[in-house]
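**Q** In the numbering used here, the protein residues as written are 35 to 373.
By construction, the Cβ of each residue, glycine as well, lies at the ideal position given by its N, Cα and C atoms.
Below are the structure tokens for one structure; questions will follow.
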Ligand code: FES
């Protein structure tokens with residue numbers, strides 16, 4: 035007769051569970067909350083490392099990791115996950131909305147208390163009276179970070195439900211609720227060389243990871259590739275200067291590049307030779323993230339990415355805006371809702 039109960043060890047804590055439980059449910063049975071968000075295989079927040087044992091990954095395996103909300107126990111097992119800040123809801127107000135370039139805004143939100151997040155994670159922002167959207171908090175491009183201020187880079191899509199209202203119905207002083215942080219594509223402080231790639235506002239989490247790695251691990255090899263459909267979308271000139279001053283190579287690409295300061299290849303075509311030692315973080319358009327995932331897999335490299343997806347209300351808009359918006363359930367990077 036097959037066993038119906040088993041023991042799962044999570045970060046060293048032994049918990050009795052049922053065969054067939056998801057890893058998240060098994061954890062909850064022992065009052066241990068594995069970090070999670072969507073519980074439907076979309077956000078990657080619940081990715082855990084399998085150290086040993088019998089687990090059906092249900093198609094979610096990436097190297098030695100699986101999604102805790104989908105993978106189920108088939109017997110005794112041991113798993114672990116990296117500690118992340120506790121998910122909290124924090125109230126704030128819009129402090130400023132600055133046009134960085136064309137349709138790209140820097141939105142600053144002053145919060146009543148500090149919001150803790152890891153470089154690469156995302157927050158769910160609800161501007162009062164509007165539906166929630168996920169954005170990656172980031173380091174200001176000119177590095178003038180302030181305590182209790184969260185910074186987002188947001189691309190404005192005409193007629194979108196939220197982004198098109200910024201600077202209009204949503205102005206300075208507007209109330210915002212922030213919930214999080216979520217996401218699994220956050221910086222791990224290993225020594226391995228790191229490749230950071232982005233398209234569009236996927237640069238927000240990539241930039242915060244670059245700053246954190248460069249400042250926190252000065253000896254670590256870091257390379258950045260930032261792309262946009264056209265040069266108009268390369269809104270990160272201040273960041274480029276800062277990275278270059280710290281000897282962090284950054285390559286810019288756009289279809290209308292000049293092949294001097296801005297190349298014309300697509301970002302994934304510039305990934306260069308990679309080894310199983312490399313750690314890759316990618317964010318932005320689904321096609322870009324999937325291309326990088328394939329390249330990482332072929333090299334045996336470690337790959338981190340959370341999904342971008344399109345809010346229901348903006349599906350029509352997404353069809354128009356095409357590849358720069360993020361689609362539902364594609365197991366990849368930096369979760370930010372378009373619109
Ligand atoms: S909680 Fe598992 S993928 Fe979102």
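Should residue 102 be listed as close to the ligand FES, given that the test is whether its C-beta is under 7 Å from any heavy atom?
**A** Indeed, a heavy atom of the ligand FES lies less than 7 Å from the Cβ.
**Q** Using DSSP's beta-bridge definition, name the partner residues of residue 52.
**A** According to DSSP, residue 52 bridges with 39.
**Q** Identify which residue in 226, 268, 247 and 128 has its Cα closest to the Cα of residue 200.
**A** Of 226, 268, 247 and 128, the residue nearest in Cα terms is 128.
**Q** Roughly how far, in whole angstroms, is the beta-carbon of residue 60 from the beta-carbon of residue 107, given that I think they are within contact range, below 8 Å?
**A** Between residue 107 and residue 60 the Cβ distance is about 6 Å, and since that is below 8 Å, they are a contact.
**Q** Can you pull the DSSP bridge partners for residue 187?
**A** Paired residue(s): 140.
**Q** Sort 203, 70, 196 and 171 by Cα distance to residue 243 and report the nearest one.
**A** Nearest of 203, 70, 196 and 171 to residue 243, Cα basis: 171.
**Q** May I ask whether a heavy atom of the ligand FES can be found less than 7 Å away from the beta carbon of residue 70?
**A** Yes - the ligand FES has a heavy atom lying nearer than 7 Å to the Cβ of residue 70.
**Q** Is residue 324 near the ligand FES, going by C-beta to nearest heavy atom under 7 Å?
**A** No, Cβ of residue 324 sits at least 7 Å from all heavy atoms of the ligand FES.
**Q** For the pair the stretch 259-273 and the stretch 329-343, tell me if three or more CB-CB distances fall below 8 Å.
**A** No, because fewer than three Cβ pairs between the stretch 259-273 and the stretch 329-343 fall closer than 8 Å, the two stretches do not touch.
**Q** Within the continuous alpha helix (DSSP H) that includes residue 62, where are the two ends?
**A** Start and end: 57-63.
**Q** At the level of alpha carbons, what is the spacing between residue 46 and residue 118?
**A** Near 16 Å, if we compare the C-alpha coordinates of residue 118 and residue 46.
**Q** DSSP state of residue 299, grouped into three classes?
**A** Coil, per DSSP.
**Q** Would you call the CB atoms of residue 247 and residue 256 closer than 8 Å?
**A** Taking 8 Å as the Cβ cut-off, residue 247 and residue 256 qualify as a contacting pair.
**Q** Between the Cα of residue 235 and the Cα atoms of 64, 185 and 83, which residue gives the shortest distance?
**A** The shortest Cα separation from residue 235 among 64, 185 and 83 belongs to 185.
**Q** CA-CA distance, residue 144 and residue 64?
**A** Using only the alpha carbons, I get a separation of about 37 Å.
**Q** Between which two residues does the alpha helix (DSSP H) holding residue 248 run?
**A** Its alpha helix (DSSP H) spans residues 237-250.
**Q** Determine, using beta carbons only, whether residue 39 and residue 50 come nearer to each other than 8 Å.
**A** Yes, the pair counts as a contact, with Cβ atoms nearer than the cut-off.
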